[in-house]
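Notes follow the structure.
Chains as they are written, first to last, in the numbering used here: chain A, 1 to 446; chain B, 1001 to 1446.
What follows is the structure, given as structure tokens:
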């Protein structure tokens, strides 16, 4: 056993000093004594790169450490750990690739970067001898990356699904509990800092899709392209959808689903608002919390819940990665094997097929606002029949709009292409006065 | 970066080939190709020690590997990883200490061993240069040990509580859902293999106490002695307790609670049947599932759910540890730092005080079966007053026993000693015809 060297210092270069960067600075300094003792080495933030040092920040910038050139950190031989918390996929990508090619460890919370440039980034780590750690990229402070990559290494994953976006879950929870409109809750969420000024990345499902692709990579060793993920958001959901859901003991959640069929070797990834039975634990994960359900073939079903975002939860995950980075450097071998991850499905990569969204099958809920005239239901059902979508139930009720009715249809299992074609056909009909609302009906037990 | 040596073999000695041992053998062999590729080294079970090779087993014993002498494995220089799955605290302790003192890595699922001999075992690892990995000892296949030790390393833990015993949770769930008696469900559980022939370790709370002490060690670096843990089981709970709970929107769960007060530096550990609001996620963790709620000061509240026991879930955790063991050996440095764990509360160990059960405060539920005579309630309340236990509510109803009544009392906050003294006083009264049933009333949010 090697002797303990408590006073050795391991330098971290922090790129970005925004909300998460300040959280890491604050909590790392607060926990310093305990972490140093536990690691046998001192983690020290030695440089901080920011674009604008004059910008007003909640925490004062430690002036002595500041640079405006993040590349000076990425290439500095004295700094073995680069913590990329700038966001964006432009400079962040260059910094990440430069550091990895120099054999450094990059710790990042940047899900968009990983999702869009995963193959390039992992290749840079492989060829440069660097490592990339990204616990903070999915599920906030929940150690889900570590669970999938290390704790559950004995398993193959038939199904992973979960609530991966705290903003959407906050909006849906308040709409449900307080019978509010989407736009009203969104405005509140922005005021409270739970939603960005431009909310589209969250509410249209793309942030969830980025995270789902990272989980799919960890579980199946393949980067699914964003265009191969079926993505739908929550903008069009209204109180009437919640009223329907409530009357059938269902909840509405934006769920990311990663389903692998090991017999046919198919993999499908989707992000959609879904109806799910309220008795499921995941249906009761509310507010800004995330919840991820992982079905392994050995362990069975495991479930992980925690705050999905925010300064502190994200900082917790980043600091966990920084500690791992220190251990990797002390040991000379990664305990995490990101560069080996693509080979999890050893020998099967060539045959792994991505099930495109249009071929993913499920049951659906379709809500239409139609003119209250005779023959409308006949036209709607004819359109569905022509797309080979089979109706399971119909519920007609009054609409808030004058001279209109609300039609809620549920379907038997159908594929995404058929239901999308149906929705488009219906949208084009003169008797359909609003864009149809489409929810997937969950069919899993947890 | 070092070159990959795929064909290198890392030998494992398996001590014990019972339910869990067979699970590890089966799943390790099934996952071999993928694991080898991921680890860059081949994990091979090279020896198996069993007490009786002739014993009938579900899986045939691989004869070539068998020995009846586990010590031959513990001292074999060719075997760097010893997987102790014998159970018990006698031979298992000797094997574990011998292997650790020889600098080996011991992977174990033995919570009783760790809980009773933790300080000795970790000292042996420290002095011998070995490591001990024990993911399977708590929470079955849930990677909770890894989460506490690595993923959440940035946190201090104010509160950890959870359902740690699947047998008790199975019994309580069926009692609640089917309005059944404890003894009937216990008999069923034995038939189905969910309870041991001797159920006392589970139903009296000791298995939960073992696990709670391991979590307390990981979170706070101190081994709490079993006699300093307030332990109560589920034998005396009856359908009438569930009826009361139901009418107030409560559930009954056997909960382990590890509470740390960082201001006063107190630590308390308890295992008790508790009433908790049904809206809490943990109240909805049913059947053989375990659920653990971890409140960190940085990450906030995180929650982990999964199968708490069984061949496959336990094997998943053991194999995760075997993979970690291989990485430790490849890197020469533990990523897990079990030998540093005692220093988590660096500098504070001396001052950390254990709050003994008699000083732990809470609200309580007390059910009494009393003779249906005048003056009984007066005598009961006088006894409580003399012990300084303040009554919050009283509910009197008919009892199943002839000429008896059921009295359900809830108390304001009181300490464990006062409520135990009260229960003992009441038990001695001639008008009290059955032992009082005592449940703690949960006061945490999750």
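The beta-carbon is built from N, C-alpha and C at its ideal position, and this holds for glycine as well.
Looking only at 153(A), 138(A), 78(A) and 428(A), the smallest Cα-Cα distance to residue 296(A) is reached by 153(A). Residues of chain A with a Cβ closer than 9 Å to the Cβ of residue 1146(B) are, in chain order, 143, 146, 147, 150 and 151.
Contacts with chain A (Cβ-Cβ distance below 9 Å) from the region 1370-1397 of chain B involve no residue at all. Ranking 1292(B), 1231(B) and 1191(B) by CA distance to the CA of residue 1145(B) puts 1292(B) first. Residues of the region 1214-1240 of chain B whose Cβ lies closer than 9 Å to any Cβ of chain A: none. The Cβ neighbour count for residue 1412(B), taken over all protein chains shown within 10 Å, is under 16; the residue is labelled exposed. Residue contact check for residue 299(A) against chain B: a CB pair falls below 8 Å. A Cβ of chain B is located within less than 8 Å of the beta carbon of residue 316(A). When CB distances to chain B are screened at a threshold of 7 Å, the residues of the region 252-284 of chain A falling below it are 281 and 284, in chain order. With contacts defined by Cβ atoms closer than 8 Å, residue 369(A) and residue 406(A) form a contacting pair. The C-alpha of residue 1234(B) lies about 15 Å from the C-alpha of residue 1288(B). One Cα belongs to residue 1113(B), the other to residue 1196(B), and the distance between them is close to 18 Å. Closer than 7 Å at the C-beta level to chain B, one finds no residue of the region 92-119 of chain A. It is roughly 17 Å from the alpha-carbon of residue 365(A) to the alpha-carbon of residue 283(A). With at least 16 other beta carbons inside 10 angstroms of its own, residue 1269(B) counts as buried. Judged by pairs of C-beta atoms under 8 Å, the region 1115-1129 of chain B touches the region 1082-1101 of chain B, as three or more such pairs exist. Within the region 345-406 of chain A, complete alpha helix (DSSP H) segments of at least 4 residues are found at 376-386, given in chain order. Between residue 393(A) and residue 226(A) the beta-carbon gap is near 34 Å, outside 8 Å, which marks them as no contact. Taking a C-beta cut-off of 7 Å against chain A, the contacting residues of the region 1013-1033 of chain B are 1027, 1031 and 1033, listed in chain order.
Annotated as proximal: residue 1229(B) and residue 1271(B), with beta-carbon spacing under 8 Å.
Interface flag for residue 1303(B) against chain A is set, since a Cβ pair is found closer than 8 Å. The C-beta of residue 1287(B) comes no closer than 8 Å to any C-beta of chain A. Interface annotation for the region 408-421 of chain A against chain B: empty, criterion Cβ-Cβ distance under 9 Å. Within chain A, 141 and 316 have C-beta atoms less than 8 Å from the C-beta of residue 1296(B), given in sequence order.
Put simply, the region 70-83 of chain A does not touch the region 1186-1193 of chain B. Fewer than three CB pairs are less than 8 Å apart. Leaving aside the five residues that flank residue 1219(B) on each side, the residues in its chain whose CB is nearer than 7 Å to its CB run, in chain order, 1148, 1157, 1160 and 1258. According to DSSP, residue 1415(B) shares a beta bridge with 1361(B). When 1417(B), 1323(B) and 1048(B) are compared, the shortest CA-CA separation from residue 1064(B) is found for 1048(B). Measuring C-alpha to C-alpha distances from residue 36(A) to each of 320(A), 75(A) and 53(A) identifies 320(A) as the nearest. Excluding sequence positions up to five before and after residue 395(A), its CB lies within less than 6 Å of the CB of 408, all in the same chain and listed in chain order.
Taking the beta carbon of residue 1155(B) as reference, the chain A residues within 7 Å of it are 316, listed in sequence order.
Interface residue (Cβ-Cβ distance to chain B less than 8 Å): residue 366(A) is not classified as such.
Cβ proximity to chain A below 7 Å picks out nothing from the region 1168-1189 of chain B. Residue-level contact by beta carbon fails for residue 123(A) and chain B, as no gap is shorter than 8 Å. A distance below 8 Å separates the beta carbons of residue 1305(B) and residue 302(A).
Distance from the CA of residue 221(A) to the CA of residue 84(A), rounded to the nearest whole angstrom, comes to 23 Å.
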